[in-house]
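Okay, so the sequence shown: first residue is 530 according to this note's numbering, each after it adds one.
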Amino acid sequence: MERVQCIEMIYPEIEDKLVVTIMGACAQELYDLGHRENFFYLQHAMGLASSIGLGLARHLPHEKVIVLDGDGSVLMNLGTLTTLARYRPANLVHVIFDNGSLLSTGGFESHTTSGVTDLAVIAKGAGIAHVASVSTTMEFGEAFVEAMERDGLSVIVAHVEAVGPDNYGMDFALPENAFRFKRCVQDRRRATGWTPPPDPGH
Ligand SMILES: Cc1ncc(C[n+]2csc(CCOP(=O)(O)OP(=O)(O)O)c2C)c(N)n1
């Protein structure tokens, strides 16, 4: 299956959710389906999309947060899986599109291509209870619906082909996206009347 098929399939579900993507191909594929102010495309900072998702999910428990990640990015920040497991935000869905490739920068093979490294096993070993490993659009759709309905942290490792969009180009850069996304988050929070509890500190 291709990542773009998966993103197309879930787009109606996520278009009103807080979504954080990695940079490059994944971001472009979502953007091409139609940008929303509640989408944040984390350019440059490889590996940190799930960390930003974790922060959002903990700070905004009334929101469902979706992270669209890549194998190369997760491999660059494997500790994120242990942090997610420890804090297990119930409102976070972490989708890892494993194309075995650093596609956006030329398609170099990642460690998952070797067949040795299994990100779903690593996620389970990190302590995440709900981990799905899927290879067909049908399996992906089922796993995503379950994750969206679940009141619990979900990780989906979706094995996809190493193909991406045939064009790259967005009409705004990271700072504008970041300011607008932040404003969107604040507006949504005000609309619900929800106020964050005092930070207990860790
Ligand atoms: C710290 C860091 N190193 C390198 C890069 C350059 N870079 C941007 S995207 C990318 C590949 C990302 O791979 P993956 O997460 O698997 O996503 P894919 O491109 O395959 O969709 C790389 C190496 C970066 N942005 N940040």
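Yeah, the Cβ is synthetic: ideal placement off N, Cα and C, and Gly gets one too.
For Phe-626 versus Val-689, is the C-beta distance shorter than 7 Å? For the purposes of this step, residue 626 is identified with residue 97 of the sequence shown, where counting begins at 1. For the purposes of this step, residue 689 is identified with residue 160 of the sequence shown, where counting begins at 1. One thing to note: Phe-626 has its Cβ within 7 Å of the Cβ of Val-689.
Straight-line CA distance for Gly-608 to Ala-661? To locate residue 608, count along the sequence shown from 1; it is residue 79. To locate residue 661, count along the sequence shown from 1; it is residue 132. One C-alpha to the other measures close to 19 Å.
Going by DSSP, which residues form a beta bridge with Gly-599? The count along the sequence shown starts at 1 and reaches residue 599 at position 70. Gly-599 pairs with Phe-626.
Is it the case that the Cβ atoms of Met-677 and Tyr-560 are separated by a distance below 7 Å? Counting from 1 along the sequence shown, the entry for residue 677 is found at position 148. Counting from 1 along the sequence shown, the entry for residue 560 is found at position 31. With a cutoff of 7 Å on beta-carbon distance, Met-677 and Tyr-560 are scored as not near each other.
Can you say whether Ser-630 is buried or exposed, counting buried as having 16 or more other CB atoms within 10 angstroms of its CB? Counting from 1 along the sequence shown, the entry for residue 630 is found at position 101. Buried, since its Cβ has 16 or more Cβ neighbours within 10 Å.
Hey, would you say the C-beta of Asp-600 is under 6 Å away from at least one heavy atom of ligand 1? By one-based count along the sequence shown, residue 600 stands at place 71. At least one heavy atom of ligand 1 sits closer than 6 Å to the Cβ of Asp-600.
What does the alpha-carbon distance come out to for the pair Val-692 and Gly-722? To locate residue 692, count along the sequence shown from 1; it is residue 163. To locate residue 722, count along the sequence shown from 1; it is residue 193. Computed Cα separation, rounded: 42 Å.
With hydrogens ignored, establish whether the beta-carbon of Ser-633 is closer than 6 Å to any heavy atom of ligand 1. Counted from its first residue, the sequence shown places residue 633 at position 104. Yes - ligand 1 has a heavy atom lying nearer than 6 Å to the Cβ of Ser-633.
How would you label Gln-715, buried or exposed, when you count the other beta carbons within 10 angstroms and need 16 or more for buried? Translated into the one-based positions of the sequence shown, residue 715 becomes position 186. Result: exposed.
Using a Cβ-based criterion (distance less than 6 Å to any ligand heavy atom), does Ala-586 qualify as near ligand 1? Within the sequence shown, the letter at position 57 stands for residue 586. No; taking the cut-off as 6 Å, the Cβ of Ala-586 has no heavy atom of ligand 1 nearer than that.
With three or more C-beta pairs closer than 8 Å as the rule, is the segment 594–607 touching the segment 618–625? Taking a cut-off of 8 Å for Cβ pairs, the segment 618–625 and the segment 594–607 touch, as three or more such pairs fall below it.
Does the beta carbon of Ser-630 fall short of 6 Å from some heavy atom of ligand 1? Taking the first residue of the sequence shown as position 1, residue 630 is located at position 101. Correct: Ser-630 has its Cβ closer than 6 Å to ligand 1.
In the DSSP assignment, the beta strand (DSSP E) including His-659 goes from what residue to what residue? For this step, residue 659 is matched to residue 130 along the sequence shown. Residue range 659–663 is occupied by the beta strand (DSSP E) that includes His-659.
Over the uninterrupted alpha helix (DSSP H) stretch that includes Phe-569, give me the two end residues. In the sequence shown, the residue the question calls residue 569 occupies position 40. Premise fails: Phe-569 lies in the beta strand (DSSP E), 568–570, not in any alpha helix (DSSP H).
Would you tell me roughly how many angstroms separate the C-alpha atoms of Ala-574 and Met-552, rounded to the nearest one? Here residue 574 refers to the residue found at position 45 of the sequence shown. Here residue 552 refers to the residue found at position 23 of the sequence shown. Distance between the alpha carbons of Ala-574 and Met-552 is about 8 Å.
Applying the criterion that 16 or more other CB atoms from any shown protein chain within 10 Å of the CB defines a buried residue, is Tyr-697 buried or exposed? As a working mapping, residue 697 is identified with position 168 in the sequence shown. Result: exposed.
Span of the beta strand (DSSP E) around Thr-641: As a first step, residue 641 is located in the sequence shown; it is residue number 112 there, counting from the start. Where Thr-641 is concerned, there is no enclosing beta strand (DSSP E), given that its DSSP letter is neither H nor E.
From Gly-582, Ile-581, Ile-539, pick the residue whose C-alpha is nearest to that of Gly-563; which is it? By one-based count along the sequence shown, residue 563 stands at place 34. Nearest of Gly-582, Ile-581, Ile-539 to Gly-563, Cα basis: Ile-539.
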